[in-house]
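Numbering (the working numbering), first residue to last: 378 to 516.
Where a beta carbon is used, it is the ideal one built from N, C-alpha and C, also for glycine.
Because the structure is a prediction, the values reported are computed rather than measured.
Comments concern the structure below.
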Amino acid sequence: MDYTTIIMLVLLFVIFYFMLIRPENKRKKQAEEMRSSLKKGDKITTIGGIVATVVMVGDDTIVIETSEDRVRMEITKWAVSTTGVQTSSEPQAGGKKKKQDEPAAEDSAESAKEIKEPVNEIPAEEAAPDASAEEKKED
């Protein structure tokens, strides 16, 4: 092997490290810090989508309260996804809706109504003999 091939392989590994490995390690470290800093009263969202309030914090587990009915569950800390209430996986672009977006939303609602209408592709005369044949087989 010549030096250019070795240099290209090293360069490829460096790019791979900075594009994939390093950001993933940062995310893991941030998640671990967030989980270790949980305290009583924090609002959390679990990886299963349960929104709750932390009631008690242990070494590896936490006790959460999910509703005003005082329903409590003990979960492991690694099951905590985020602190706060996570409403969507996609962040919202901008804060307010523009006035121009509102008519487009109405148009999409109307087109959704049109799509939801049932489409009968089989004529009623053809569907009836099949149903009667099934009833005869059952008897």
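Would you please state the rounded distance, in angstroms, between the beta carbons of residue i and residue j? I believe it to be under 8 Å.
i           : j           : result
residue 430 : residue 457 : 12 Å between Cβ atoms; not a contact.
residue 443 : residue 411 : At roughly 20 Å, the Cβ-Cβ gap does not stay under 8 Å, so residue 443 and residue 411 are not in contact.
Buried or exposed: where does residue i fall if 16 or more other Cβ atoms within 10 Å of its Cβ makes it buried?
i           : result
residue 439 : buried
residue 488 : Note on residue 488: pLDDT 47, under 50, position unreliable in the model; no value is reported.
residue 379 : exposed
residue 480 : Residue placement at residue 480 cannot be trusted, given a pLDDT of 48 that sits under 50; what the coordinates show is reported in the next sentence. So residue 480 counts as exposed.
residue 470 : Legend: pLDDT at residue 470 = 46, less than 50; position of this residue unreliable, no value from coordinates given.
Beta-carbon separation of residue i and residue j under 8 Å?
i           : j           : result
residue 322 : residue 437 : The structure shown does not extend to residue 322, since the chain is modelled only from 378 to 516, so the question has no answer here.
residue 421 : residue 432 : no
residue 387 : residue 428 : no
For residue i, report the span of its beta strand (DSSP E) as first-last.
i           : result
residue 452 : 449-453
residue 457 : 457-460
Taking Cβ positions only, does residue i come closer than 8 Å to chain C?
i           : result
residue 382 : Protein chain content of the structure displayed is limited to a single chain, and chain C is not contained in it.
- Whole beta strand (DSSP E) elements within the segment 385-448, 3-residue minimum: 420-423, 428-434, 438-442
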